[in-house]
Structure formats: structure tokens, C-alpha cells
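Asks: There's a structure below that I have some questions on.
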Amino acid sequence: MPGKSFLELNSPTIGEFNYPSNPHGAPALQHPDPEKETFVPLIEGQISMYCCGVTVYDYSHLGHARCNIVWDTLRRYLQWRGYRVRYVQNFTDIDDKILNRALQEGTTMEVISETYIAAYLEDMGRLNIKEADSYPRATHTLDGIKQLIHELEQKQMAYASGGDVYFSVRKFDGYGKLSGRTLDDMEAGRSGRVDVPATSDGSPPEAAKKRDPFDFALWKAAKPNEPFWESNWGNGRPGWHIECSAMVRDEFGDTIDIHMGGADLQFPHHENEIAQSESATGKSLAHYWLHNGMVNVGGEKMSKSLGNFTTIRQLLDEGGVEPMVLRLFLLQGQYRKPIDFTDEAIAATVNGWVTLQEGLRFADQFGSQLGWSGERDRGREDRDALELDAVDRFIAAMDDDLNTSGAIAILYELAKELRRVGNILTHEGKLDADAQVLQRQWHTLGVLADILGLKAEPETAPASGLSDAAIEALIQQRTCAKQAKDYAASDRIRDELKTQGINLIDKPGDVTLWTRS
RNA sequence: GGCGACAUGGCCAAGUGGUAAGGCAAGGGUCUGCAAAACCCUCAUCCCCCGGUUCGAAUCCGGGUGUCGCCUCCA
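Listed below in C-alpha cells is the structure:
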């Protein structure tokens, strides 16, 4: 059991994750029918997580945002459950697309990748995604990559051919076990998008160097004027799949607990990782494989190649969408299912976030009035500070294959109650609830929201330049106008204040309350 | 062609054998000079279709239909 955490007291078991696990030859893999399986870490109390990251040649889009938000949330949750988590995510900084972009812009691959790594970290930071414990890069992993390829060659699982090195897919028995396919069932290139373009430099096309169409490149010979690394096979650069195998090994060893990535990586990327790593080590690469569903636009996958993507910064900067709205939107669906990105859905989420945010800010607004400070420094393990019923239901939802949608429903319950009480306080000036219970609800809301990475910024300073005294004076004028039944004048004052973000609330007896929105 | 996933109200989305959470939107009401805010209430006899199992199914089984993903690169 994971260390000392209050959750241990509540719930002796942890999560169920819906995907096939991957111990070598485990029955679950012969029947890839996803069955939920109780999560058990390799080492008690510790969890190793590796997430396939991005190729850094452009700004990240909403699909990347989803992947990062979902796995960041899983990480936060497991940490909160008391596990020590080590989280690693790679940057692919060797790739044709980076190379092309460098060529286009008359610069180097390093400049391009540095630029977009910085942009990536900035974007993800805005979405409140915790930084990984390590961000290995392909260009920093060459030794490990070459070593792995060498071992595969020695084990006769790989062969050199025309300066390239390929993995012999058919020699690996379990190939296809993760995605539930067999080589014989698949027709290579069936998608109809695989052409074998003639190479410009007259070198043989890749297909001609492969012994089997399913074989994939571990090492690619450098073309003229391309950056390269020296190797036993000649100057070249690593293929894509091999970097992850090498990085996992460097960072963690042979086997990790959880390997994550987008559903589009399941085949062939993850399948290839398994083939490489398990051929080399003879051990299972990862015990759990988790794949997040795609972000769709009009029912189609958002992707670079379809050109239907929105970058994170476009949405946040040009679209004026708050980062937490995007986060909430992407967590509203279960992580495995596709989620449709529409203006309407974002608009609905904006309203939803207002509600949650009001709840999270409750203490700023009413805490002192109720005699409790807004500080949230009571320990998270302090059961007395939490609304245990809500916490239990939250845990039950999250344990069930990360049901964030169900978990968010609990946040709404808490936030709506706080908002209701807050509004009554504002409008009626009285309290119809127990102050201590409210404090507990607010504290709980904050703790649970934090697990989902949802964070309310403190309310910004009022936009209005009007001083309280000036506002009071205008209200006084308005009251006089009302008493004189000069409603045109009174409404003018109301409208004017409204444009300054001041809302007036009329009460019986010519009393007018005001709030800054 | 193969493999995989999904189909719940206007939109989003839980629920996986015991009689449909939640959010958004909408409608009605209270209040009000008006308006806004606020508060209260309502909103799927039904879960893509057809069979079957069961005392009982959105939930299990069989068969359809539709949508999407993967079989280049992709989160």
C-alpha cells in the first residue's frame, strides 16, 4: 500500500484501468478484449510513467493539449493517492519534418527544435501541466539507441541493409499483441496512402531495402547534406520508434508501470517499441498501456495532415479562451473516447468554469465575513478539513478508469452550493448554512480541483477606475432620481456603472447594493 | 479488405443487471418602476434498430445500421 495517505484509510484498492495489460504472454493479451484490471505497481508505493511526447517542428495543437492534460491529471491523482511517481516524456528532435522546416527557414534542426520545445513548455505551463521529471531528447540518447540496435542485430532481430538497419518484425512472436492484430490480417499499405516515392538522389527507396514490408527502420543512412551521427552502419540517424525504447531503458530500466500516448500511436509506434525492447531485454516493456482518444473536429481527427487543427496558443490568445476552460473541456469526456471540439462546446464550458471558479474563489469573497481565513494550509491528509462523502465519490469515479466526467460532477455539487450560499449572502446579507461546513466544502473543492489541475486565479483588480466613494456618490444620485421618479436618469446611471463592471442590486427601502463583476 | 472503438434529451456527458448523475442551453415562477442579478421549479416512461436471456436490461447474448480511429507521419 502506498505510504501514509488518508486515502489508504478510505479505500484499500486503487484504480481500474481499461486496457490490456502487457506481461509477456499474459492471457489478457491473447484476448485483447479490454477488461478492467486493478492497478498494481511494480514496486510498492512507486510508479514509473512514460508518455510519448511530440515531434518539435511546430506549435502544439489541441490534440497535444488533451494528451498532456489527461496524463497530467492521472499523474496528479496517483500522487495524491500517495504514490511516488516518476514521470518522463520525450521530445523527438530528429525527424524529416524538423529537417524540412529548418531547410525552409534557412536554419538548423537544433534551432527549430529548441524554438518549439520552448513553445511547448510555455503552452503546457499555461494549461497547468506539471513539468515532467525528465525530458529526454533523441539527440541526447544516441548512445543508448546505438547500443540497443547493436543488441538487436546480435540477436538476429535486426539487419543492416544499404546503410539502414531494419527490425525483422516477423521474428518477434508477439507482434500485434497490444493492438490486437496479426500480420496476416493486415495488408501492408492498405490505407492507400503509402507510396514509394522515387528518391531524388538516386538511392534505393526504403521499400527496396526491407526484407518485409512490415519491417521498420531502426537506423537510416544520412542523405547528402543532412545532419548525421556516426555509427557502425555508417553515417545516419535513428528511426523514430527506437528512441522511446532507448529512453525508457535509460530512464527506468527494462520495465515500467505505465506507458501512455495518443490512441494513434498504439499501432505501429507502441507495437514497435514493444518489439524492440522486449526482443532486447526479454522482459515486458510496460505493465499498463494507456491511450487517450483523439480530439475531433466535425467528427474527424484533428491533425496536422488534415489541416483542421487549432493550436493551443490560437485558442488561448486569439480565441480568448481561458486555459482552464480548455482544461475543463478536455477533462469533461472520458479519456479514451474521442471528443468533438466545437465553438458551442467551448461556450458551454466557459459557463461551467464560471461556476467552478466562483466556488473556488468563495473564500476570497466571503471567508473573512464568515470568520475563517481563506488560507488552504490545512494538510490535505487532514480528514477533518474535508467533506468525506464528496471525496469518497470523487475517488470512486477516478479509480474507475479515470472517470473525470463523474469526478467533475462532484466539483459542481460543491461549487454550486457555495455559489448559492454566497449569493444569498450578497443579496440578503445573511447566512443560511453552517460556516464550518462551508469552509469544509470550499476546502474540499479546492483540493479536488487541484487534483484535476483546475486552478482559479485570484480575482483581478477591478477594471473600473472608479473609487468606492465615487460609486457610492453615483448610487446616491440615482436614489434621488428614483425618488423623483426620474427613471430615465436613474437607468442612465445604472447603465453607466454597468459599463464599468459595477452591478447594482436594488433592495427594498431604497437600499442599493453594488458588486464589481 | 483486416483490426479496434463508439452510438444516452437541443448540445456535452455519467451510468455496465434493479428501474436514467451532472453541466450548458431552454421554459415557467418569485422579486422589480424597469432591468439585471439572485432564488425556486420544470425539462429523456426512455438510452441507434431487431431479436433473445432474465422476475427485471441503457446495461448481458445474437444479428443489423451508423459514425470514427488505425493499417504513411501523427498526441
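Take 66 as the starting number for the first sequence in this note's numbering and just add one per residue. For glycine and all other residues, C-beta sits at the position ideal for the given N, C-alpha and C.
Check whether the segment 238-254 and the segment 191-206 are in contact - that is, three or more C-beta pairs closer than 8 Å.
Replies: Too few Cβ pairs lie closer than 8 Å, so no.
Asks: To the nearest angstrom, how far is the alpha carbon of residue 204 from that of residue 159?
Replies: If you number the first sequence from 1, residue 204 lands on position 139. If you number the first sequence from 1, residue 159 lands on position 94. Cα-Cα distance, rounded: 7 Å.
Asks: Pick helix, strand or coil for residue 569, following the three-state DSSP scheme.
Replies: Sequence index remark: in the first sequence, residue 569 carries index 504 (1-based). Residue state, collapsed to three classes: strand.
Asks: Is residue 581 helix, strand or coil when you go by DSSP?
Replies: As a first step, residue 581 must be located in the first sequence, where it is residue number 516. Three-state result, residue 581: strand.
Asks: Rounded to whole angstroms, what's the CA-CA distance from residue 174 to residue 122? Just pull it up for me.
Replies: Taking the first sequence and counting its residues from 1, one reaches residue 174 at position 109. Taking the first sequence and counting its residues from 1, one reaches residue 122 at position 57. If you take the alpha carbons of residue 174 and residue 122, they lie about 9 Å apart.
Asks: May I ask which residues mark the beginning and end of the beta strand (DSSP E) holding residue 151?
Replies: In the first sequence, the residue the question calls residue 151 occupies position 86. Run containing residue 151: 149-157, per the beta strand (DSSP E) assignment.
Asks: Along the beta strand (DSSP E) that carries residue 357, what are the first and last residues, could you check?
Replies: Walking along the first sequence from the start, residue 357 turns up at place 292. Element bounds for residue 357: 351-357.
Asks: Going by beta-carbon coordinates alone, are residue 424 and residue 480 separated by less than 7 Å?
Replies: The residue given as residue 424 occupies position 359 in the first sequence. The residue given as residue 480 occupies position 415 in the first sequence. Closer than 7 Å, so yes.
Asks: State the DSSP-derived secondary structure class of residue 91, mapped to helix, strand or coil.
Replies: For the purposes of this step, residue 91 is taken as residue 26 along the first sequence, with counting starting at 1. With a pLDDT of only 26 at residue 91, under the threshold of 50, the placement of this residue in the model should not be trusted, and no figure is reported.
Asks: For residue 370, count neighbouring C-beta atoms within 10 Å of its own C-beta (all shown protein chains included) and say buried if the count is 16 or more, exposed if not.
Replies: The residue you call residue 370 lines up with position 305 of the first sequence. Exposed, because fewer than 16 other Cβ atoms sit within 10 Å of the Cβ of residue 370.
Asks: To the nearest whole angstrom, what separates the beta carbons of residue 127 and residue 360, a pair I think is in contact under 8 Å?
Replies: Within the first sequence, numbered from 1, the residue matching residue 127 stands at position 62. Within the first sequence, numbered from 1, the residue matching residue 360 stands at position 295. Contact flag correct, Cβ pair sits at about 5 Å.
Asks: For residue 552, is the classification buried or exposed, using 16 other Cβ atoms within 10 angstroms of its Cβ as the cut-off for buried?
Replies: Residue mapping note: residue 552 aligns to position 487 of the first sequence, counting from 1. Residue 552 comes out exposed.
Asks: For the alpha helix (DSSP H) that residue 432 lies in, which residues bound it at each end?
Replies: The residue given as residue 432 occupies position 367 in the first sequence. No alpha helix (DSSP H) contains residue 432, which DSSP labels as neither H nor E.
Asks: Under a Cβ-count criterion, where at least 16 other Cβ atoms within 10 Å of its own Cβ denotes burial, should residue 578 be classed as buried or exposed?
Replies: Locating residue 578 in the first sequence gives position 513, counting from the first residue. Per the 10 Å Cβ criterion, exposed.
Asks: Which same chain residues end up closer than 6 Å to residue 401 when comparing Cβ atoms and leaving out the 5 residues on each side of it in sequence?
Replies: Here residue 401 refers to the residue found at position 336 when the first sequence is read from its first residue. Excluding residues within five positions, the ones whose Cβ falls inside 6 Å are 358.
Asks: Is it buried or exposed, residue 466, if we count other Cβ atoms within 10 angstroms and call 16 or more buried?
Replies: In the first sequence, counting from the first residue as 1, residue 466 sits at position 401. Result: buried.
Asks: By alpha-carbon positions, which one of 556, 281, 472 ends up nearest to residue 230?
Replies: Here the question's residue 230 lines up with position 165 in the first sequence. The shortest Cα separation from residue 230 among 556, 281, 472 belongs to 281.
Asks: Between the C-alpha atoms of residue 129 and residue 119, what's the straight-line distance to the nearest angstrom?
Replies: Numbered from its first residue, the first sequence carries residue 129 at position 64. Numbered from its first residue, the first sequence carries residue 119 at position 54. Roughly 8 Å separates the two Cα atoms.
Asks: Tell me which same chain residues have a C-beta within less than 7 Å of the C-beta of residue 285, skipping the five on either side of it?
Replies: The sequence position of residue 285 within the first sequence is 220, counting from 1. Hits under 7 Å: 229, 301, 302, 304.
Asks: Using the Cβ count rule (16 or more neighbours within 10 Å means buried), how would you classify residue 235?
Replies: Indexing the first sequence from 1 puts residue 235 at position 170. Exposed, by the Cβ-count rule.
Asks: Give the list of continuous alpha helix (DSSP H) stretches no shorter than 4 residues that lie fully inside the segment 169-213.
Replies: As far as the segment 169-213 is concerned, its whole alpha helix (DSSP H) runs of at least 4 residues are 174-191.
Asks: Is the distance from the Cβ of residue 351 to the Cβ of residue 213 below 7 Å?
Replies: Within the first sequence, the letter at position 286 stands for residue 351. Within the first sequence, the letter at position 148 stands for residue 213. Result no, Cβ atoms of residue 351 and residue 213 do not sit closer than 7 Å.
Asks: So, at 7 Å on beta carbons, what are the nonlocal neighbours of residue 544 in its own chain, with the 5 sequence-adjacent residues on each side left out?
Replies: The residue you call residue 544 lines up with position 479 of the first sequence. Excluding positions up to five away in sequence, the list reads 575, 577.
Asks: Give the range of the beta strand (DSSP E) segment to which residue 111 is assigned.
Replies: Here residue 111 refers to the residue found at position 46 when the first sequence is read from its first residue. Segment 111-120, the beta strand (DSSP E) holding residue 111.
Asks: Can you find the residues in the same chain that come closer than 8 Å, C-beta to C-beta, to residue 548, ignoring five residues on each side of it along the sequence?
Replies: Here residue 548 refers to the residue found at position 483 of the first sequence. Once the five neighbours on either side are set aside, the close Cβ partners of residue 548 are 575.
Asks: Would you kindly work out how many angstroms separate the C-alpha atoms of residue 570 and residue 326, rounded to a whole number?
Replies: Translated into positions along the first sequence, residue 570 becomes position 505. Translated into positions along the first sequence, residue 326 becomes position 261. Using only the alpha carbons, I get a separation of about 51 Å.
Asks: Here's a check: name, in chain order, each residue in its chain whose Cβ is nearer than 8 Å to the Cβ of residue 561, leaving out the five neighbours to either side.
Replies: Counted from its first residue, the first sequence places residue 561 at position 496. These residues qualify, in order along the chain: 539.
Asks: Run the CB neighbour count on residue 348, radius 10 Å, all protein chains shown included, and call it buried at 16 or more, exposed below.
Replies: The count along the first sequence starts at 1 and reaches residue 348 at position 283. Residue 348 comes out exposed.
Asks: Here's a check: name, in chain order, each residue in its chain whose Cβ is nearer than 6 Å to the Cβ of residue 374, leaving out the five neighbours to either side.
Replies: Residue 374 sits at position 309 when you count from the first residue of the first sequence. Counting only Cβ-Cβ distances below 6 Å, and skipping sequence neighbours, we find 126, 367.
Asks: Under a three-way DSSP split, which group does residue 601 fall into?
Replies: Residue coverage of the chain in this structure runs from 66 to 582, which leaves residue 601 outside it and unanswerable.
Asks: Could you check which residue in 232, 510, 398 has the C-alpha nearest to that of residue 336?
Replies: Along the first sequence, read from residue 1 onward, the residue named residue 336 stands at position 271. Considering only alpha carbons, the answer is 232.
Asks: For residue 456 and residue 513, I'd like the C-alpha separation in whole angstroms.
Replies: The residue given as residue 456 occupies position 391 in the first sequence. The residue given as residue 513 occupies position 448 in the first sequence. The alpha-carbon atoms of residue 456 and residue 513 are separated by roughly 8 Å.
Asks: In angstroms, rounded to a whole number, what distance separates the CA positions of residue 171 and residue 182?
Replies: In the first sequence, counting from the first residue as 1, residue 171 sits at position 106. In the first sequence, counting from the first residue as 1, residue 182 sits at position 117. Roughly 19 Å separates the two Cα atoms.
Asks: In three-state terms, what does DSSP make of residue 294?
Replies: In the first sequence, counting from the first residue as 1, residue 294 sits at position 229. Residue 294 falls in the strand class under three-state DSSP.
Asks: Of all the options 581, 314, 484, 464, which has the alpha carbon lying nearest to the alpha carbon of residue 207?
Replies: Within the first sequence, the letter at position 142 stands for residue 207. With distances taken between Cα atoms, residue 207 lies closest to 314.
Asks: Please determine, among 507, 483, 510, the residue with the shortest C-alpha to C-alpha distance to residue 497.
Replies: Taking the first sequence and counting its residues from 1, the one referred to as residue 497 is at position 432. It is 483 whose Cα lies nearest to the Cα of residue 497.
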